[in-house]
């Protein structure tokens, strides 16, 4: 049985992290350290935190922690890097005179348990040019791939999904 104090302590800490995350976004977007903007940011971020923390928990998401936040930032960097690399690869295939493609549908697997984590993985795969997630069936993803390199599930999982999944596991589980 979970200790009620530790659960409320985790909730309080998670609420604090949500406020700090929102305030950090406020500071980045406002790009000002004028005291009026700092106070307005505190007010609005506190207001948003009060309204959003219930919705956050109703989604069944894990408590916010610094570790999850850091891994989320790293995940965004990895996602951006993969999108850029895939764009260059697809552009090469379009410009190349013989258009070297071998399109096909492959299956990859995941160890993610939460539906929202699977959805984010599917969207990450789709955002990467050259791949498109067609369907999610339990722990299997059907993916259209512009240049099929392997039909082996484990190898395809390693090439397409693992670069995102290792960060999503830390963030969501």
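In this note's numbering, the protein residues as written are 14 to 186.
Backbone N, C-alpha and C define an ideal beta-carbon position, used for all residues, glycine too.
Since the structure is predicted, the reported quantities are computational estimates derived from the model, not experimental observations.
query: Nearest-angstrom beta carbon gap, residue 121 and residue 154 [assumed within contact, 8 Å]; result: 5 Å
query: Nearest-angstrom Cα separation, counted from residue 71 out to residue 18; result: Per-residue confidence for residue 18 stands at a pLDDT of 41, beneath the threshold of 50, marking its modelled position as unreliable; the derived number appears in the next sentence. The straight-line gap from Cα to Cα measures roughly 20 Å.
query: Residue 128, DSSP secondary structure in three states; result: helix
query: Span of the alpha helix (DSSP H) around residue 102; result: 79 to 108
query: Inter-stretch contact at 8 Å, needing at least 3 Cβ pairs: the region 43 to 50 / the region 59 to 66; result: no
query: Where the alpha helix (DSSP H) containing residue 111 begins and where it ends; result: Residue 111 -> no alpha helix (DSSP H), and no H or E assigned at all.
query: Three-pair Cβ contact test at 8 Å for the region 102 to 110 versus the region 123 to 139; result: no
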